[in-house]
Amino acid sequence: MSRTLHGYIMIITLLLILSACENDMEVVNKITSKKEVSAEAGKDIEVLYSDLGKVKAKLNAPTMLRFRTKEPYTELPDGLKIAFYNDDLKVESQLTAGYGISYDKTDKMIARNDVEAINIYGNKLNTEELVWNQKTQKISSDKFVKITTKDEIIFGDGFESNQDLTNYKIKKIRGTIRLKDNPITP
């Protein structure tokens, strides 16, 4: 009889335990909906971009995360530096930023956070966001920009240029500061 009683107690305990367990769907969804896991990760990376066998740009970054999703992309969360080359493999311009993301299907890279681009003439562009279209070799921004040349500083909103910063257009100029003194004639 004690064996039967012991069996009943075990069954009742098991039923109580199982009936007390309930999955809260909100908790389950939080656990299973984690951020996408990167398929590839790299430290201190260097990537060469080429067109018809000619190197057009070299990207260096401390960290690279590549995500193989329906819309694959590469993230550079710790900053980046890109050198753009001419056909003679001479650096035409350089770009640095605190963050970058590149979309494989569109061949576009977005650089954010303290973006700075400098060309071989010393012209400098500063903005918080810049888009580089690798197919057209153009850069653009819809954000506030500052361009510094040897003669002036130009402030504005929106910007388009070739990637070597020699042919640029500011969409809406806010102001200009002349850096060289122009002689005043009576």
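In terms of the working numbering, the sequence shown opens at residue 35 and continues consecutively. We treat Cβ as the ideally placed atom computed from N, Cα and C, and that holds for glycine.
Sub-9 Å separation of residue i and residue j beta-carbons
i: N160; j: D148; result: yes
i: D185; j: S127; result: no
i: T140; j: L114; result: no
i: Y155; j: T200; result: yes
i: L99; j: L110; result: yes
For residue i, the nearest candidate out of the options (CA to CA)
i: T108; options: V81, K172 and T200; result: V81
i: K205; options: E162, S195, T183 and D138; result: S195
i: K88; options: L123, K77 and R100; result: L123
i: L164; options: K92, K142, T182 and Y119; result: K142
i: I116; options: T97, A75 and L93; result: L93
i: V179; options: K214, F193 and Q171; result: F193
i: T182; options: D78, E105, F101 and E150; result: E150
i: T97; options: R212, A75 and I45; result: A75
Alpha-carbon to alpha-carbon, residue j and residue i
i: P220; j: A145; result: In this prediction, P220 has a pLDDT of 49, which is less than 50 and means its spatial position is unreliable; nothing more can be read from the coordinates.
i: D121; j: A73; result: 34 Å
i: T210; j: I152; result: 19 Å
i: D138; j: N167; result: 11 Å
i: T103; j: I173; result: 26 Å
i: G190; j: I207; result: 4 Å
i: Q135; j: K214; result: It is worth fixing the name first, because residue 135 is Ile in this sequence and not Gln. Near 38 Å, if we compare the C-alpha coordinates of K214 and I135.
i: K203; j: A95; result: 29 Å
i: K77; j: V125; result: 24 Å
i: I187; j: K169; result: 30 Å
i: E162; j: Q171; result: 20 Å
i: F101; j: R212; result: 46 Å
i: I65; j: E105; result: The pLDDT assigned to I65 is 46, lower than 50, so where the model puts this residue is not dependable, and the model offers no usable value.
i: I79; j: I45; result: 60 Å
Whole-angstrom C-beta distance between residue j and residue i, which should lie under 8 Å
i: K90; j: Y119; result: 6 Å
Min CB distance residue i to chain C below 9 Å
i: E150; result: Of the protein chains in the structure, only one exists, and it is not chain C.
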